[in-house]
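First comes the structure, then the notes that go with it.
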Amino acid sequence: MFYKDERLALFIDGSNLYAAAKNLGFDIDYKLLRQEFMRRGKLLRAFYYTALLDSEEYSPIRPLVDWLNYNGFTMVTKPAKEYTDSMGRRKVKGNMDIELAVDAMELAPHLDHIVIFSGDGDFRPLVESLQRQGVRVSVVSTIRSQPPMISDELRRQADNFIELEDLRDVLGRPPREESE
1 MFYKDERLAL
11 FIDGSNLYAA
21 AKNLGFDIDY
31 KLLRQEFMRR
41 GKLLRAFYYT
51 ALLDSEEYSP
61 IRPLVDWLNY
71 NGFTMVTKPA
81 KEYTDSMGRR
91 KVKGNMDIEL
101 AVDAMELAPH
111 LDHIVIFSGD
121 GDFRPLVESL
131 QRQGVRVSVV
141 STIRSQPPMI
151 SDELRRQADN
161 FIELEDLRDV
171 LGRPPREESE
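Going by UniProt numbering, the first residue of the sequence shown is number 1, and it counts up by one from there.
Here is the structure:
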């Protein structure tokens with residue numbers, strides 16, 4: 001439930017939201033996402049968290065990051081770490097959970113409602129702390145993918161769970177064909 005006069009902020013775990021939407025078979029139109037939540041309340045901030053690979057000349061996420069930065073989103077990025085796992089596979093690590101949690105805690109006194117776009121169960125203690133400060137917390141993710149993209153603990157802790165699939169018509173667009 002949203003109230004028109006409540007101060008609202010969005011905290012988007014970029015890789016988590018991307019994976020959830022991809023599992024449901026659509027892409028997020030961030031312009032529509034921002035408009036939807038401006039309609040639901042007084043949107044003060046929309047944060048987008050992602051790690052970026054510095055080693056690559058061209059990052060596929062760079063155009064999105066630049067677009068979001070120029071279109072009302074506050075970008076929070078850090079360099080991703082590359083490593084080789086025990087099987088010799090190249091892996092990329094770039095967890096933004098702490099940055100998201102710190103920002104949410106700092107802004108909480110100025111907000112009535114926080115919307116977290118992530119299904120990561122690590123955010124359950126954050127949600128609980130925000131609630132103790134009097135902030136309502138909605139979580140956007142999906143239980144309709146296989147496997148579900150939201151932890152049961154996070155879904156139960158949130159004041160409001162918003163199924164991403166239910167937002168498809170409001171903020172989705174067909175997925176782009178990925179070039180090989």
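From the three backbone atoms N, C-alpha and C, an ideal C-beta is built for every residue, glycine too.
Since we're looking at a predicted model, the values are computed, not measured.
First through last residue of the alpha helix (DSSP H) which encompasses residue i
i           : result
S15         : G14 to L24
residue 181 : Outside the displayed range of the chain (1 to 180) lies residue 181, so it cannot be described from this structure.
I98         : D97 to L107
L126        : R124 to R132
D112        : Neither: D112 is in no alpha helix (DSSP H) and is coded neither H nor E.
Q157        : D152 to Q157
Proximity to residue i [Cα-Cα], best of the options
i    : options                  : result
L158 : I114, L167 and V102      : In the sequence as displayed, the identity of residue 158 is Ala instead of Leu. A158 has its Cα closest to that of I114, out of I114, L167 and V102.
Y83  : P147, T77 and V92        : V92
S15  : R156, F161, R90 and L64  : L64
R168 : L10, L33 and F11         : L33
D103 : G94, V127, R90 and D27   : V127
T77  : M105, Q133, M149 and F11 : F11
P147 : K22, P79, D5 and Y3      : K22
G172 : K4, E6, L24 and Q133     : L24
Y70  : A51, R89, A46 and S138   : A46
E6   : V137, E153 and R176      : V137
F73  : P60, S59, Q35 and R90    : Q35
A51  : V139, P60 and P79        : P79
Continuous beta strand (DSSP E) stretch holding residue i: start and end
i    : result
K78  : T74 to P79
S86  : Careful: S86 lies outside any beta strand (DSSP E) and carries neither H nor E.
V139 : R136 to S141
I162 : N160 to E163
K42  : K42 to L52
F2   : Careful: F2 lies outside any beta strand (DSSP E) and carries neither H nor E.
Buried or exposed (CB count within 10 angstroms, at least 16 for buried), residue i
i    : result
L44  : exposed
D54  : exposed
S86  : exposed
M1   : exposed
V170 : exposed
E180 : At E180, the pLDDT of 45 sits below 50, so the modelled position is not reliable; the number obtained from the coordinates is stated separately. Looking at its Cβ environment, which holds fewer than 16 other Cβ atoms inside 10 Å, E180 is exposed.
I98  : exposed
G41  : buried
Supposed contact pair residue j and residue i - C-beta distance, whole angstroms, cut 8 Å
i    : j    : result
S151 : G121 : 3 Å
L17  : F37  : Incorrect: roughly 13 Å between the Cβ atoms, too far for contact.
Chain-order list of residues whose beta-carbon lies under 7 Å from that of residue i (same chain, five-residue window excluded)
i   : result
L68 : Y30, Y48 and M75
D13 : Y49, M96, L100, F117, S118 and D120
R62 : none
Other residues of its chain near residue i: CB distance less than 6 Å, five sequence neighbours each side excluded
i    : result
V135 : A108, L111 and I114
R155 : F161
A20  : S141, T142, M149 and L164
K81  : K93
R144 : E165
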